[in-house]
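Chains as they are written, first to last, in the numbering used here: chain A, 115 to 238; chain B, 115 to 238. By construction, the Cβ of each residue, glycine as well, lies at the ideal position given by its N, Cα and C atoms.
2 protein chains.
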Amino acid sequence: MKISELEQRTGVSRHTLRYYEKQGLLLEVSRRGNNYRDYPEQAVKRVNMVRQLKDLGFSLREIFDVLDALRKDTMDCAQGAVLMAQKRAVVDAKIAELEALRVLLTEEQQQLERSAKEQDLQHQ
Amino acid sequence: MKISELEQRTGVSRHTLRYYEKQGLLLEVSRRGNNYRDYPEQAVKRVNMVRQLKDLGFSLREIFDVLDALRKDTMDCAQGAVLMAQKRAVVDAKIAELEALRVLLTEEQQQLERSAKEQDLQHQ
DNA sequence: CTAAGGTATAGAGTGAACTCGAAGGTCAAG
DNA sequence: CTTGACCTTCGAGTTCACTCTATACCTTAG
């Protein structure tokens, strides 16, 4: 697949895709005779995973570490598992934090809605 | 409270505190006769909330919008409630995304652990 | 009174993650 | 064989969120 197709299928710009490749986040990129990049089908998933991790607050460097561990699974399984567990712990912590914030926002929201109703009553 | 105390109690540097103030994230800052900033007790909570939201992926601009809505609660309650609901929706989505990722990471981790054991057996 | 250390402002510098544009090679249609 | 839509690299520019520096004023202990 050419870069434009990957761009279209992931929503990530060609500039950013080349940037990710430079940062070591996209390794399975071959070249055609004309020097055009040729991505395997798998690249779509890979890019999506990078995006997902990024949206969750991981830096590109951290994402690189995760992918690196996954790639080296034949060499370094135990270590990879530890890294994965660490990342999962971070994810768990974030979930807990978000849930706490959710409660907080819900309370704020309810209070605002109550105030809105009171105002409404006064207007009538 | 002076800036150094707020710095110590929040773990946020004085530089960053002044920066947040400039960005409109810290409004209840009065001045002493000597022009030193004087923060109310409440500022600790405010700073912590800013940090929490930031860690969850909100930009300072988005955080400003949330705080702005909360501050204007006497004027614009209904709109504030809507904004809060929107933010909560974002939080909910993030939680869902994280939970999906958690499953994915758990699977990867288990697979790596299994591979590690197999390697171990071969070594014995 | 002095020295150390806290505070002020303004503005420059940093690093991450893009984002864009120029200059040029490739390719398929007409 | 040209036109237009691709693709390449390289390097400059941008935005965000700090982070630091310079210069100068304020405060407190000795």
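Coil, strand or helix - residue i by DSSP
i: A:R160; result: helix
i: B:Q166; result: helix
i: A:F178; result: helix
i: B:S118; result: helix
i: B:V217; result: helix
i: A:L139; result: coil
i: B:M189; result: Confidence at B:M189 is low in this model, with a pLDDT of 42, below 50, so its placement is unreliable and the value that follows should be read with caution. B:M189: coil per DSSP, three-state reduction.
is_contact[residue i, chain B] using C-beta, thresh 8 Å
i: A:R132; result: no
i: A:Q166; result: yes
i: A:E142; result: no
i: A:E155; result: no
i: A:E119; result: no
i: A:A176; result: The question names Ala, but residue 176 of chain A in the sequence shown is Glu. No, A:E176 lies away from the interface with chain B (no Cβ there is under 8 Å from its Cβ).
i: A:E211; result: yes
i: A:Q238; result: Reliability of the predicted coordinates at A:Q238 is poor, the pLDDT of 47 falling under 50, and no value is obtained from them.
Bridge partner(s) assigned by DSSP for residue i
i: A:R145; result: A:R151
Distance CB(residue i)-CB(residue j) smaller than 8 Å
i: A:F178; j: A:Q122; result: no
i: B:L139; j: A:E211; result: no
i: A:V126; j: A:R165; result: yes
i: B:E142; j: B:Q156; result: yes
i: A:V158; j: A:L131; result: no
i: B:S144; j: B:R128; result: no
i: A:V180; j: A:T124; result: no
i: A:M115; j: A:Y153; result: yes
Residue-level contact to chain A via CB, residue i, 8 Å cutoff
i: B:G125; result: no
i: B:D169; result: yes
i: B:K116; result: no
Check: residue i C-beta below 7 Å from any heavy atom of the ligand ADP
i: A:V164; result: This structure lacks the ligand ADP, and indeed carries no ligand of any kind.
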